[in-house]
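Residue numbers (the numbering used here): 5 to 935. In this text, a Cβ means the ideal position worked out from N, Cα and C, and glycines have one as well. Heads up, the thing below is written out as structure tokens.
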């Protein structure tokens, strides 16, 4: 046991380690060793410190110290020393030695349960599934009184099975072992659960573990075997053991019946679960019985959906009586329920009608789809879910039927009472749903610019502005954190304006009008998430990047949300505003999730084991894998590397590999923004993106760029990179991993991108030009290292020099101009690095005038970029141009007429101020290029 003085000395070393002062920590260790102190902990501490100091000599000494301790007889058993040794071997990338040192320690003290548990949880935290399996098997063998160790062994066998490649014999071995263990537990569980053997299944979590395991071990018969479990007396949905997760198990059974197309069983089961059970005369119920039937155990959309789907499938198979019975069941349920009280039952009628929409027959009394959606609107029109529920079915109607539905909606709204405030609020909600239907059936279909289109969209926009304005008087008593009742109408007006912009991109007035509307909305609904996301995107789109960076923190995105939502700001941000320090801070903050997630996932896994939460474990592991393999991590790190290059600041040390060590995951959420577009059309969010959506191909290519740049700085040959090989039209992750040089990776990515459909492309035209320059540089550097003078000269004179002299395109001042200018500037910086590299390593094979010409070409291009930026700033400062834009924004015809109203929008002066602030934001962004 350590003495108090030794503990204090050890803490001094740990303090230096936490401060990053590794050399000082090493000095403290060496002083104590010289004085004769030779404890295991001190030697392990020194070994760990050595792994933190770069250099082969330090790594070699650390390995020698660790080897001495690991091979020590008797073995090291102190958990603090073992923990340090584990970290040392991990740093030295020898995880097999980690398993060895713990296994020796546990074998030397076979009855030390705490030590064995520490080994198990250490392996779990490291995601060393082989070590975890050995540790768990040791625990369940040596400590048989603890039933949880038996299930730990099952889980660890499953985890090891899943981690091994397909076709490896061990994979089948560990899978079979896990299945036999869980199957024995199942067989040991009696139907009479008053007494269950210790190693029988006793909880719903353990049932879920079995259901999780079966598809991995026996995929061919998995559905059948899982249904057997869910239907069994001892472990089924209705068993005593399964009651702890009745709904979860019930839904799994419904999913499996649907998957196996056992429509008869699915229908009978759903019918028994629905409110009223198998009651044939639901409309006769009253009092408590009526209440119980309306809110029955199965009043869940999953049950109603299965019920209707099974009835439809059985109808197609010739059993028409079932569909008649199903219709009666739905109708009777709706008779009992008050209007709007059973959304699921109401929507079930719509779904039922949709099944027969294209058929010439159907059960007697089946409403037409149009009649069904009209009935649904009658009952649910005041709820936000109304549009989302009906969108799918409205799209199934013919144009004439859609227009008839809109007329019905208008008539219904006109008949709604509005004497009381709450009635007026209901009417506003119904009107907003109506406007969403109008957008879906009319605005979303407009694909070409014309005076008629402009007139239609403008009328839609002004109608929604009026709805928003009228609704404001109803929100005077709302809390500061609440959204105004008419906010969605304002968002719809913005969607209409964006439609006008996408049809005529040279006219930016609709963008400015949208920004005015959103800024005004956010003064009254400060936390409206939709409005904030939209505003960030529009600031970026129009080129006022600083305003986007200022607004973004108001979204209050935290933890794992960064992986799914930060892309709304950070996509291509290094080519838009690299010189604003806030940008790199925001990216760094977003990247913190990747460093912290592994420890958090390990903690959650340990808690899962300790509490027997086996059903959640696979979810924890998948989440960990999704975050570890997130393409967003590499994309964020690429942005930071480019920012450091463009701003001449130190670059990050690490660039995460893209999808080499595991599956590539794209966790970004693009569905957060309101969408009322037809399902056959691109989403609304896609219309306000900054170029094509970058993903794995983009990340691989620009990671290769960073390796090329690094080779220029270090004078080394561009390394081969393990990269996933993808097909041009592939939708999934790459199937193979192969070592390729950066030039090949980029060339393949460009070719695949060009051959892909427009919706699947990832590069802007400027990025393709930049990447082609870098492939030439990569080939040139490789030729230098091969000492191929002819190739060097050819590449330099025929390919590289002409590409650096391409003239700058003229752009409308927006994000794309900034993107072009900064990428061109980055090209100049990389070419300058190339010149330095060639002078050091190829001066004998390249004419000096060629290098001088290359440097001058890059210098001229950089000056041209900066001069272009200054010209754009002057244009943006032109008062006449700004006044012309203000006149368009405030035009009396259409939207401008409403924006002039002072009581809501602040009047002309406020709008002028807002436009001026956006223009200043654009000027500031462009001005940064010229510095």
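Where the alpha helix (DSSP H) through residue i begins and ends
| i | result |
| --- | --- |
| residue 186 | 173-191 |
| residue 72 | 60-74 |
| residue 551 | 549-555 |
| residue 514 | 513-528 |
| residue 604 | 585-615 |
| residue 155 | 151-167 |
| residue 214 | 208-221 |
| residue 308 | 305-320 |
| residue 251 | 250-263 |
| residue 238 | Residue 238 -> no alpha helix (DSSP H), and no H or E assigned at all. |
| residue 567 | 565-569 |
| residue 395 | 389-398 |
| residue 336 | 324-340 |
| residue 500 | 491-507 |
| residue 937 | Past the boundaries of the shown model lies residue 937; the chain is included only from 5 to 935, so the question cannot be answered. |
| residue 830 | 819-845 |
| residue 349 | 347-359 |
| residue 850 | Element bounds for residue 850: n/a, residue is neither H nor E. |
Helix, strand or coil at residue i [DSSP, three-state]
| i | result |
| --- | --- |
| residue 664 | Low local confidence applies: a pLDDT of 47 at residue 664 is under 50, so the model's placement there is unreliable, and no value is given. |
| residue 287 | Residue confidence is low: residue 287 scores 42 on pLDDT, short of 50, so the model does not pin down where it sits. Its coordinate-derived value is still stated next. In this structure, residue 287 counts as helix in the three-state DSSP scheme. |
| residue 634 | strand |
| residue 725 | strand |
| residue 17 | helix |
| residue 56 | coil |
| residue 936 | Residue 936 is absent from the model: the chain starts at 5 and stops at 935. |
| residue 144 | helix |
| residue 933 | helix |
| residue 928 | helix |
| residue 293 | For residue 293, the predicted structure reports a pLDDT of 45, less than 50, and the residue's modelled location is therefore unreliable. A value from the coordinates is still provided. It is helical. |
CB contact flag (residue i, residue j, <8 Å)
| i | j | result |
| --- | --- | --- |
| residue 501 | residue 465 | yes |
| residue 837 | residue 716 | yes |
| residue 208 | residue 246 | yes |
| residue 921 | residue 877 | no |
| residue 678 | residue 551 | no |
| residue 3 | residue 628 | What is shown of the chain runs 5 to 935, which leaves residue 3 out entirely. |
| residue 699 | residue 670 | yes |
| residue 136 | residue 153 | no |
| residue 531 | residue 719 | no |
| residue 835 | residue 873 | no |
| residue 346 | residue 382 | no |
| residue 29 | residue 15 | no |
| residue 367 | residue 328 | yes |
| residue 133 | residue 524 | no |
| residue 912 | residue 923 | no |
| residue 542 | residue 647 | no |
| residue 120 | residue 143 | yes |
| residue 110 | residue 93 | no |
| residue 271 | residue 354 | no |
(message) Just to confirm the assignment: which complete alpha helix (DSSP H) runs, minimum length 4, are found wholly within the stretch 879-925?
(response) Taken in chain order, the unbroken stretches of alpha helix (DSSP H) that lie wholly in the stretch 879-925 and span 4 residues or more are 883-893, 899-903, 906-909.
(request) Determine contact between the stretch 697-714 and the stretch 744-760, defined as no fewer than three beta-carbon pairs at a distance below 8 Å. (result) The stretch 697-714, when compared against the stretch 744-760, does touch it at the 8 Å Cβ threshold.
(message) I'd like to know if the stretch 641-658 and the stretch 238-256 are in contact, where contact means that at least 3 CB-CB pairs between them fall below 8 Å.
(response) The stretch 641-658 vs the stretch 238-256: no contact.
(request) Inspect the CB distances between the stretch 818-828 and the stretch 755-765 and report whether three or more fall short of 8 Å. (result) As far as the Cβ criterion goes, the stretch 818-828 does not touch the stretch 755-765, which means the pair count is below three.
(request) Count the CB pairs spanning the stretch 162-175 and the stretch 223-233 that are closer than 8 Å, and state whether there are at least three. (result) No, they do not touch.
(message) Three Cβ pairs or more, each shorter than 8 Å: is that satisfied between the stretch 854-861 and the stretch 894-907?
(response) Three or more beta-carbon pairs separated by less than 8 Å are not found between the stretch 854-861 and the stretch 894-907, which leaves the two stretches without contact.
(request) Report the residue ranges of all alpha helix (DSSP H) runs contained in full by the stretch 416-482; include only those spanning at least 4 residues, in chain order. (result) Runs of the alpha helix (DSSP H) inside the stretch 416-482: 425-445, 455-475.
(message) For the pair the stretch 359-373 and the stretch 385-393, tell me if three or more CB-CB distances fall below 8 Å.
(response) Touching, no.
(request) Count the C-beta pairs between the stretch 457-473 and the stretch 882-891 that are closer than 8 Å, then say yes if the count reaches three, no if not. (result) At 8 Å Cβ cutoff, the stretches do not touch.
(request) Check whether the stretch 610-621 touches the stretch 198-218, counting contact only when three or more Cβ pairs, one atom from each stretch, lie closer than 8 Å. (result) Touching, yes, given that three or more Cβ pairs across the two stretches are closer than 8 Å.
(request) Inspect the CB distances between the stretch 475-484 and the stretch 505-513 and report whether three or more fall short of 8 Å. (result) At 8 Å Cβ cutoff, the stretches do not touch.
(message) For a minimum of 3 consecutive residues, which ranges assigned as the beta strand (DSSP E) are wholly contained in the stretch 673-722?
(response) Those beta strand (DSSP E) runs which fall completely within the stretch 673-722 and span 3+ residues do not exist here.
(message) Can you confirm whether the stretch 25-41 touches the stretch 73-90 when touching is taken to mean that 3 or more C-beta pairs between the two stretches lie within less than 8 Å?
(response) Pairwise C-beta distances place the stretch 73-90 out of contact with the stretch 25-41, as fewer than three of them are shorter than 8 Å.
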